Amino acid sequence: MEHQFRDEFLEILTVILVLGVASLMAQRTGIRLLIVGLGVPTFYFVDLIREPSTVTRLAQYRPIDATQSSEPDYVGSKACRSCHPKAYATWYKSYHRTMTQVASPTSVLAPFDGRVMSDSGRTYQVHKKGDAFFVNMPAMGTEGESEQTRSVRPVVMTTGSHHMQAYWIPVDDFADKIDPADRQSFNDMCSGCHGEDGQGASAPSLVDYRLSPEDVENALDLAQHAQIRRDSPLYSKALNFAKLIQYTGRLHQFPFVYLIKQKKWVHEDHTFLQPPNVDHEPEPFGDNWSDGCDQCHSVKPSYRFVGTKTTGEAEVVELGISCEACHGPGGNHIAANQNPINRYLAKQNSLPPDDIVNPSKLDNRASSHVCAQCHGELLMKNETNNFRPGQTIESEFHVVQYLPDAPPKWLADELKGNPNLLHDGFWKDGTMRIAGRDYNGMAITGCFTKGAMACTTCHSMHDSDPNDQLKMDAKSDMACLNCHPKYKDDIAAHTHHPAGHEASRCYNCHMPHTTVGLLGLIRAHRIDSPTAKMTSEHGRPNACVLCHLDKSLYEIAESLHDWYGQPKPDSIGIEPSESAAVIGMLKGDAVQRATYAWHFGWPPAQRASGTLWMAPFLADLLNDPYSAVRFIAGHALQSLPAFSKLGYDYTASEADRTKVADRVRRIWRDKSAGFTRPVVLVHNGQTDAKRLGTLRAQRDNTPVRVNE
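646 is the number that our numbering gives to position 645 of the sequence shown; each next residue is one higher, with no gaps.
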């Protein structure tokens, strides 16, 4: 990145020299003045180079260009453009390219207009100066109540450009070097347990442990530290080192995120489905760029802690997801094909293939593994990720699946430190429920394990709408009927719904929206058939109850028995009851509540179920403890005509949200006078308050964190 700046300087210097010589050689005064005049802007740019712009100075904070150091086989996307202009152009318009970008007026989507935002009693201000963006926020570990405890940091990079955008800022002590005496004192006193430079041995690693300075000192009062001599001349220096290595990332995330469609700043706590943060604590360390975020938001990232400075060394080949993330390093490919004879022979298939990878030419497993490196719930087998396209994903990762009763050793070890991994990530039938982990669902699908289905069966980087990257022919049922032609001529006989109806669309039944992410729901990528037994036993809503929101699971089970020979409801313990959706919204866990609420705003479900009865149940969720559930419920509610201009803010205070919910109920009562539908607990324009209270009291409050 710095070498680009150097090259630009040399180009400008060359122009200056050429213009200077030309002016001396010119015989006519007018021509000489014209040439000298042309040179004036050049000298202006030289002045700018002597005094680098703010944007240029910010380059020091970004990850180092790995193509100039540890990854010389990689060349970056610009090197691919001249030979592959069409592929480059289609990639360039994709959200993969803009996943992570250098912060600039063209990449930053949020208003940095001086506004002040607040959360948990702390204030945050965003502003712009020239082409640079800044945040004024509490310093880490403080409340930011005084000038001394506030930090003004530049925005260095952005992540996201489709649904929401996050902002990366350098840590407060970015340029600080660690005193060698502090480091040596720590190693003399503490490395026996905590390893050299605190990187772990018999005791845990202290690097990025994220303890506040006060907590580091308090930890020394624990029994295992009783032998430490506090009167030692090494003590204070060793303690200082331990404090400095608690956060060694170069960049951390600004705690506010911008919702692009809603044009709204919100605290990051309100952007994922996670338990409410009820503990008031000083400004926490933000997400560390090098603590996993880099792996799927840049190409070939790496990070190492060096022990000599407070920030480690981070590298990337390229920000965003570009050519070499999917095709592998391009250096050898370019070197071979710079020779025109080689290019000709390659087109004639007269040369052995080089090491560039085309996912569309791999078998379905290897092709899908290219996507799985980012779109999978994986655990690294080693400390570094050496995966390259063309390899099997299992060569570098364990693929996590729902195996709570008999986990393999690697999973059992992970569950010791992360006991909620399976509960948070999977429905109890083993279906992945976190967006962006689509490979885990497909990996247990018969179309993949027994057939030839791959990610590229439906998706394309270079021949699709960037919104969902679906191939044009994958938007219709032909994506399925090409492999299942027996249903093509009489689809209604299979679906028991009219041809062309939403319920006759393959993916509405076999890939329902049961995956949570980005404050919404996406389709499950485990392809299966709806059963009432699965919903009853494991809690994952099947496609039928997500479309027929006004029907009980008993009714659904009867239809599935009559049509497909599935077990009768009585034989599997399903009793006549109310609407499965109403029960799920009132007593389900946070993921179930979000799933049903989203479908209340899904047009096919609205057409199948009617909407007159829906508002009071969505109003219930406007005050849900999970902000993501509130967002989804509010969005669904505002899809109903009577509430399209509701003006609901899911991040507002509980009192304000309660006022909106009460207003919704009043409006609904006025519009539903005389309306009765017992299965959804509505009688003569009133909800069954007693039954609703009973169901609310049974709500599953087990904490759930959908860690996207």
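No residue lacks a Cβ here, since even glycine has one placed at the ideal position from N, Cα and C.
Quick caveat, the model's predicted, so the values are computed rather than measured.
Given this structure, state the Cα-to-Cα distance separating V592 from N483, to the nearest angstrom. 34 Å
Is it buried or exposed for Q223, if we count other Cβ within 10 angstroms and need 16 for buried? Correcting the residue type first, residue 223 is Leu in the shown sequence and not Gln. So L223 ends up on the exposed side.
Considering D189, what are the terminal residues of the alpha helix (DSSP H) in which it resides? Element bounds for D189: 181-195.
In the DSSP output, which residue or residues are listed as bridge partners for N289? H253
Element boundaries [alpha helix (DSSP H), containing L245]: Here the alpha helix (DSSP H) through L245 covers 236-245.
Do you know offhand how far Q402's Cα is from L423's? 8 Å
According to DSSP, is E9 part of a helix, a strand, or is it coil? Caution is warranted here: a pLDDT of 43 is assigned to E9, below 50, making its placement in the model unreliable, and the coordinate value is therefore given only provisionally. Here E9 sits in helix by DSSP.
How big is the Cα-Cα spacing for G196 and I229? When rounded, the distance between both Cα atoms is 16 Å.
Hey, how far is the Cα of D48 from the Cα of T385? With a pLDDT of 32 at D48, under the threshold of 50, the predicted position of this residue should be treated as unreliable, though the coordinate-derived value follows. The straight-line gap from Cα to Cα measures roughly 43 Å.
Sequence-distant residues of the same chain with beta carbon closer than 7 Å to I335, five excluded per side: V76, A80
CA-to-CA distance, V317 to S71, given in whole angstroms: 9 Å
Simplified DSSP state of M512, which is helix, strand or coil: Annotated three-state conformation of M512 is coil, per DSSP.
Mind checking who H268 pairs with in its DSSP beta bridge? Per DSSP, the beta bridge partners of H268 are F257.
Which two residues bound the contiguous alpha helix (DSSP H) that contains I342? 341-348
Which one or two residues does DSSP pair with F427 in a beta bridge? Paired residues: M433.
Excluding sequence positions up to five away, which residues of its chain have a Cβ less than 7 Å from the Cβ of T272? M165, V258, L520
Measure how close the beta-carbons of T101 and L260 come, nearest whole angstrom, since I'm counting them as under 8 Å. Not a contact, Cβ separation roughly 18 Å.
Could you tell me how far apart the beta carbons of K310 and D177 are, in whole angstroms, since I believe they sit closer than 8 Å? Going by Cβ atoms, the distance from K310 to D177 rounds to 7 Å, so yes, they are a contact pair.
Can you tell which of L554, T516, G518 has the C-alpha that lies nearest to the C-alpha of T532? L554
For the putative contact between K301 and A88, defined by C-beta atoms under 8 Å, what is the C-beta separation to the nearest angstrom? Not really, about 19 Å apart at Cβ, beyond 8 Å.
Might you give, ordered along the chain, the residues of its own chain that have their beta carbon closer than 6 Å to the beta carbon of T124, omitting 5 neighbours on each side? V117
Excluding five sequence neighbours on each side, which residues of the same chain lie with their C-beta closer than 7 Å to the C-beta of T659? Contacts found: N624.
Let me know the alpha helix (DSSP H) ranges lying completely inside the region 421-506, each 4 residues or longer, listed in chain order. 422-426, 439-443, 447-450, 456-459, 479-482, 492-496
So, at 6 Å on beta carbons, what are the nonlocal neighbours of G332 in its own chain, with the 5 sequence-adjacent residues on each side left out? Once the five neighbours on either side are set aside, the close Cβ partners of G332 are D74, V76.
Three-state secondary structure (DSSP) at V400? V400 sits in a strand when the DSSP states are folded into three classes.
For the region 277-291 and the region 533-546, state whether three or more C-beta atom pairs, one from each stretch, are separated by less than 8 Å. no
Helix, strand or coil for G329 per DSSP? coil
Got a sec? Which residues, its chain only, sit under 6 Å from L212 by beta carbon, not counting five neighbours each side? Q247
Since I believe L363 is in contact with G329 (beta carbons under 8 Å), could you give me their beta-carbon distance rounded to a whole number of angstroms? The pair is not a contact, with the Cβ atoms about 11 Å apart (cut-off 8 Å).
Any contact between the region 127-136 and the region 144-155? By contact I mean 3 or more CB pairs, one from each, below 8 Å. With a cut-off of 8 Å, the region 144-155 and the region 127-136 count as touching, because enough Cβ pairs lie within range.
What do you get for V172, buried or exposed, if any count of 16 or more other CB atoms within 10 angstroms of its CB means buried? buried
Quick check: C448 and I528, are their CB atoms within less than 7 Å of each other? yes
Can you list, in chain order, the residues of its chain whose CB lies under 7 Å from that of S203, leaving out five sequence neighbours each side? Shown here for S203: same chain residues with a beta carbon closer than 7 Å to its own, the five before and five after excluded, namely C194 in chain order.
For the alpha helix (DSSP H) containing Y93, list its first residue and its last residue. 86-93
Whose CA, out of S505, F175, A494, S465, lies closest to the CA of C481? Per the Cα distances, S505.
Which residues in the same chain as V217 place their Cβ atom closer than 8 Å to its Cβ, once the five residues preceding and following it in sequence are excluded? L240, A243, K244, Q247
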